[in-house]
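Residue numbers (the UniProt record's numbering), protein chains in the order written: chain A, 1 to 218; chain B, 1 to 218; chain C, 1 to 218; chain D, 1 to 218. Encoded as structure tokens, the structure appears first; notes follow it.
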DNA sequence: CATGAATGAGAGTTCATTCAT
DNA sequence: GATGAATGAACTCTCATTCAT
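Listed below in structure tokens is the structure:
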């Protein structure tokens with residue numbers, strides 16, 4: 001018999017097939033296996049449509065064994081969502097910090113980092129964006145904090161560009177933030193490494209879109 | 001005692017509080033009540049997290065009574081999603097048909113109609129966008145067809161603009177379609193009639209964003 | 001095949017074999033069947049050792065059907081315990097009210113009623129005495145109230161007898177109450193209608209024991 | 001930080017807070033720790049409501065470590081129940097043996113020893129009385145033997161007193177045995193060293209009660 | 001049309017126990 | 001002796017659905 005649980009899952013929610021997780025996290029091997037299995041299933045089918053037994057099967061365990069590593073199904077989702085938020089915010093902040101100080105440079109760096117995150121961890125991004133609401137109040141705190149920080153960082157850049165006189169738009173920044181956030185998030189849903197557009201082109205396009213939206217002149 | 005089930009539902013998925021449905025549909029009163037209840041719950045909590053009993057309670061019925069009106073829970077979702085797609089496509093097509101024939105005019109009309117749809121039926125839009133994947137193959141056909149038609153209509157406009165020489169962008173049209181589609185869809189998640197931006201301003205902003213993205217000159 | 005679930009259950013906790021319930025309660029037929037099944041099993045094996053499936057099987061239902069009648073396993077226990085307390089307290093109070101007003105007469109009536117209750121509903125008595133602690137705070141209120149009323153009623157009689165000068169004992173009333181309560185409760189554990197002692201003799205003996213304990217003279 | 005598991009457990013089943021065990025037994029330190037932890041939990045919450053993990057936690061171990069000391073959860077209960085029965089019977093027999101030979105003296109000694117046992121090891125007594133039925137046939141033998149011996153010893157005293165002409169009662173001895181046994185056992189449920197009645201007074205009262213019940217003259 | 005009751009399937013979770021380390 | 005991990009079995013309970021009334 002061949003490996004029973006490794007076939008990719010067909011899904012209309014995410015085109016990617018690899019449940020990729022950031023490497024850095026200090027996770028035991030078992031925890032990673034469980035998270036990967038859950039990530040793939042949550043991304044493809046949703047949290048509610050994934051049973052603890054599904055996860056266990058894909059992780060080559062029995063369902064009761066999962067509880068040696070995570071306290072509950074929700075705990076698994078919370079871990080994934082926290083990892084996703086941490087990774088995204090780390091990248092966004094690093095990008096801005098390392099960019100030249102001009103607002104336009106910072107915006108470019110910010111968008112590029114965002115696009116790359118969506119493309120590199122598409123399943124994680126989909127789960128973060130679509131399943132956040134499944135988390136109860138006890139689990140949602142850390143994610144909301146990081147999310148708020150990302151938004152703030154973005155709005156700060158917009159304001160700075162306005163002050164510099166390089167971002168000119170008659171429309172309120174909150175609308176730009178919503179629109180730009182949405183268009184980046186969407187990438188995770190259709191991107192795969194085999195996509196006909198290279199990631200560089202996708203990045204470049206979205207940087208341009210964002211600059212246009214914020215009214216960047218020259 | 002006041003009506004027991006009419007209090008709005010707190011949700012992180014949608015800001016709107018009214019489960020508004022297009023008026024036109026030929027629906028019995030009972031069917032509308034059921035659909036409204038389901039719409040509200042699906043939008044707020046998701047299809048998987050909404051039980052048939054939840055819907056029944058909110059519709060002031062017992063769960064078994066639902067089956068006098070719909071064949072299954074999935075049938076209710078399919079109906080909602082079909083209504084949403086029909087309404088959206090009807091508006092998009094009408095907008096384009098009634099617009100002046102210039103590509104830019106058509107694009108403006110298309111985006112405006114899209115934005116208005118999201119704002120007028122935010123719950124329906126959220127359900128359409130987030131719960132489509134819960135539909136099995138038997139139910140998904142009509143929605144997919146309409147969805148494809150909308151995309152085609154949009155891409156036709158882009159191509160026409162290119163041919164006219166008014167849309168100039170180095171980036172592929174599929175990326176523009178994704179970005180513009182995403183930013184319009186997102187509106188449904190945060191818009192309410194009480195939002196600080198009027199719907200006119202939101203429409204105007206998104207029309208501008210879209211024109212920028214497709215590289216409209218003059 | 002003969003009826004599959006009607007055989008009595010062997011138990012070291014209760015000798016009785018009939019899960020008898022007071023007739024008066026306004027209970028649907030289904031509710032009574034469930035309660036009887038649960039009573040028998042709780043009395044014989046304990047609440048913790050009885051599964052919801054055991055109850056269902058003995059009630060000739062599927063386990064999920066139980067939930068059409070009771071909200072939870074604990075709800076079933078709470079109902080039984082409340083019925084038991086109500087019945088016992090009703091009998092105690094009626095006995096005292098109908099007795100002659102002399103303290104000794106009231107005590108005799110009180111003890112006789114208590115003994116009869118234990119003998120008539122032995123399973124209910126055993127469950128009430130042994131499983132009360134399984135009830136969470138939400139369910140325990142009514143039972144505790146009735147229990148406290150019974151104790152108070154008993155202590156009032158003791159005090160009255162003391163005041164009348166007919167109950168003379170150097171020992172505190174709380175000890176008498178504990179001892180008498182214990183010896184009555186114990187009856188439920190071994191009594192059956194087939195017991196070699198008639199219920200009249202058992203009643204008479206315990207009345208005498210109680211009178212002796214409270215130091216009744218003449 | 002202080003020891004995490006030493007706080008007493010709230011319980012409606014037993015008022016005592018110390019899981020006291022007879023000193024004599026030849027038990028390793030670890031075994032005693034496990035037994036104490038189990039005793040406290042079984043007394044407070046019942047055998048069925050206590051998990052092996054609960055016991056381990058209270059014994060500052062992991063659950064798998066318990067199995068280095070006891071073969072099973074039931075083995076722990078069986079050990080406790082055997083210790084309880086041995087201790088009680090040893091005391092009862094010693095009391096009778098050391099008493100003067102008159103039946104009344106023997107009865108007094110027997111009751112006094114019984115009361116003292118309940119008061120000195122209340123948790124053990126509660127577990128012995130309430131959880132005996134959880135033991136399977138394989139484990140119950142020793143306890144039943146000792147229990148039978150205690151009853152026999154008691155009935156022998158009653159008979160002797162009858163023969164001596166000092167115990168006169170119209171009621172059968174089995175009823176007296178039941179009543180007296182019940183009232184002594186009950187003590188374990190409410191006694192604590194801080195109780196407002198001293199153990200001497202409690203003992204004296206129950207000796208009197210017993211003498212009254214068996215119809216002691218003079 | 002409405003509903004109380006029934007039910008098979010399956011949910012998430014806990015359990016006592018085993019075993020390799 | 002201690003323990004992290006694994007696991008089969010069982011748990012209570014919820015689910016969507018059916019059907020007789």
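Here a beta-carbon is modelled for each residue, glycine too, at the ideal position from N, C-alpha and C. From a predicted model like this one, the values you see are computed outputs, not experimental measurements.
Sequence-distant residues of the same chain with beta carbon closer than 7 Å to residue i, five excluded per side
i, result
"residue 33 of chain C", "59"
"residue 122 of chain A", "14, 16, 188 and 191"
"residue 147 of chain C", "85"
"residue 206 of chain D", "111, 115, 183 and 184"
"residue 174 of chain C", "none"
Neighbour list for residue i in chain B, Cβ cutoff strictly below 9 Å
i, result
"residue 76 of chain A", "Here the premise fails: no neighbours, minimum Cβ distance about 16 Å."
Residue i in three-state terms, based on DSSP
i, result
"residue 191 of chain A", "coil"
"residue 69 of chain B", "coil"
"residue 30 of chain B", "helix"
"residue 135 of chain D", "coil"
"residue 127 of chain B", "helix"
"residue 121 of chain A", "coil"
"residue 209 of chain B", "helix"
"residue 197 of chain D", "coil"
"residue 61 of chain C", "coil"
"residue 108 of chain C", "helix"
"residue 40 of chain C", "helix"
"residue 204 of chain D", "helix"
"residue 115 of chain C", "helix"
Neighbouring residues, chain B, relative to residue i (Cβ below 7 Å)
i, result
"residue 149 of chain A", "Within chain B, no residue comes near residue 149 of chain A; the closest Cβ sits about 17 Å away, beyond 7 Å."
Inter-residue spacing [alpha-carbon to alpha-carbon] between residue i and residue j
i, j, result
"residue 66 of chain B", "residue 73 of chain B", "9 Å"
"residue 167 of chain A", "residue 216 of chain A", "5 Å"
"residue 35 of chain C", "residue 145 of chain C", "22 Å"
"residue 38 of chain A", "residue 45 of chain A", "10 Å"
"residue 48 of chain B", "residue 128 of chain B", "14 Å"
"residue 101 of chain A", "residue 204 of chain B", "31 Å"
"residue 11 of chain B", "residue 40 of chain D", "45 Å"
"residue 64 of chain C", "residue 50 of chain C", "16 Å"
"residue 6 of chain A", "residue 43 of chain A", "15 Å"
"residue 152 of chain B", "residue 186 of chain B", "21 Å"
Chain-ordered chain A contacts of residue i [CB-CB under 8 Å]
i, result
"residue 91 of chain B", "What residue 91 of chain B touches in chain A: nothing, since even the nearest Cβ is about 20 Å away."
Contacts of residue i in chain B (Cβ-Cβ under 8 Å)
i, result
"residue 212 of chain A", "209, 212 and 213"
"residue 183 of chain A", "178, 179, 180, 182 and 183"
"residue 12 of chain A", "132 and 133"
Beta-carbon contacts of residue i that lie in its chain and below 6 Å, excluding the five residues immediately before and after
i, result
"residue 20 of chain D", "121"
"residue 91 of chain C", "113 and 117"
"residue 161 of chain B", "103 and 167"
"residue 23 of chain B", "none"
"residue 8 of chain B", "17"
"residue 107 of chain C", "157"
"residue 125 of chain C", "118 and 188"
Those residues which DSSP pairs with residue i across a bridge
i, result
"residue 89 of chain D", "In DSSP, residue 89 of chain D forms no bridge with anything."
"residue 216 of chain C", "C:167"
Neighbourhood of residue i by C-beta, 8 Å cutoff - its chain only, sequence neighbours within 5 removed
i, result
"residue 213 of chain A", "169, 176, 179 and 180"
"residue 70 of chain D", "31, 34, 76 and 79"
Closer than 7 Å at the beta carbon, the chain D residues around residue i
i, result
"residue 202 of chain C", "175"
"residue 130 of chain C", "130"
Under 8 Å from the C-beta of residue i: neighbouring residues of chain D
i, result
"residue 84 of chain C", "Ordered by position in chain D, no residue passes the 8 Å Cβ test against residue 84 of chain C, which lies about 16 Å from the chain."
"residue 172 of chain C", "197, 201 and 205"
Per-residue contacts from residue i into chain C (C-beta, under 7 Å)
i, result
"residue 139 of chain D", "In chain order: nothing, as chain C lies at least about 13 Å away."
Chain-ordered neighbours of residue i on chain A, where CB pairs are closer than 9 Å
i, result
"residue 53 of chain B", "Near residue 53 of chain B there are no residues of chain A at all, since even the closest Cβ is about 16 Å away, more than 9 Å."
Chain C contact residues for residue i, given Cβ-Cβ distances below 8 Å
i, result
"residue 49 of chain D", "48 and 134"
"residue 116 of chain D", "Those within 8 Å of residue 116 of chain D in chain C number zero; the least Cβ separation is about 15 Å."
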